[in-house]
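Everything on this sheet refers to the single structure shown next.
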Amino acid sequence: MFDLTGKVALVTGGNGGIGLGMATGLAQAGATVILAGRNAEKSADAAADLRTKGRLCDAVEADVTDEHEVAGMFQKLMVRHGRLDILVNNAGGTVRKPPHELSLEEWNSVMDTNLTSTFLCCRAAHALMKESGGGKIINIGSMLSIFGAPYAAVYGASKGGVVQFTRSIATAWAPDKIQANAVLPGWIDTDLTRGAREQVPGLNERVLARTPAGRWGVPADLGGIAVFLASSASDFVTGTAIPVDGGYSIS
Ligand code: NDP
């Protein structure tokens, strides 16, 4: 039920953090994973590391905010691997500022990275998945898809948008046998949140106090949900937004 042998998965931002945690899970379940990111060296290193562990892995350089680079990324994937079964839209970033201090450039940059990239990749994937008879899309939201925070106005707007966009494509593409779901990670220890821990006083203590699991997550905590949502085990699951948060959102 969870076997992904023969499946091809593209993970944006797959060269580190949560993306690499999910890519590793998918590869362990048998998928060929393609790690996409702007930093070609980081992507090549991550892919080489997975291959030394016996996994099937490739890397492609792309800025997913750029429509032409997104088209080129899918073109390369099809030339090298011939199919696309699973798309994980994980590339993301933030600017931590109160809303009234955000410039339009900062607003657009976060919206482009988190939300517009998801639209561009989903649109490109839809054509390929429809043609091959179906597929799985996993979009990465956040606790800030649900909650607000004074330093996360544009990030929260983008991640709320990711969830609503996911619901719409789930309805639009259900007849094409494409399931689309969002994953809402809790507080996961990555480069992104290491920055937040440095910039937001008391964040570390607040996260630990509120998370019933009593710890920060690690990227490997996201491997299982990726396999579930990418496999036939989730064929009747679509349009959901699933927290993977050690209980943060229910406490
Ligand atoms: P990281 O900073 O470790 O990873 C971000 C990834 O996104 C990198 O691999 C980066 O690769 C890629 N990326 C950023 N911009 C672009 C771009 N324009 N084109 C292609 N790739 C890009 O962060 P996390 O692993 O923490 O975050 C991954 C996702 O999870 C994000 O969407 C984030 O919002 C979300 N998230 C994280 C949480 C956490 O606690 N860590 C909690 C909730 C959600 P490169 O630099 O090579 O481009």
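Take the sequence shown: its letters are residues 69 to 319, numbered as in my numbering. Note that CB positions come from ideal geometry on N, CA and C, so glycine has one too.
Around the beta carbon of Gln247, a 10 Å sphere encloses 16 or more other beta carbons of the protein chains shown; the residue is thus reported as buried. Nearest neighbour of Gly122 by Cα position, chosen from Arg148, Ile237, Phe142, Thr92, turns out to be Thr92. Take Ala250, set aside five residues on each side of it, and the residues of its chain with a beta-carbon closer than 8 Å to its own are Ile206, Asn207, Ile208, Gly209, Ser213, Val230, Val231, Thr234, Thr308, Ala309, Ile310, in chain order.
In the three-state DSSP reduction, Pro311 falls in the strand class (E or B). Beyond the five residues adjoining it in sequence on each side, Ser111 comes within less than 6 Å, by CB distance, of Asn83, Leu103, Gly105, Ala127 in the same chain, given in chain order. DSSP places Val128 in the uninterrupted beta strand (DSSP E) bounded by 124-129. For Lys121, the secondary structure class from DSSP, reduced to helix, strand or coil, is coil. Relative to Leu297, the option among Gly203, Thr239, Val222, Ile237 whose CA is nearest is Gly203. Look at Lys75 here: in three-state DSSP terms it is coil, with no helix or strand label.
By the CB criterion at 7 Å, Gly85 and Pro253 fall outside the cutoff. Relative to ligand 1, the nearest heavy atom lies less than 6 Å away from the CB of Lys110.
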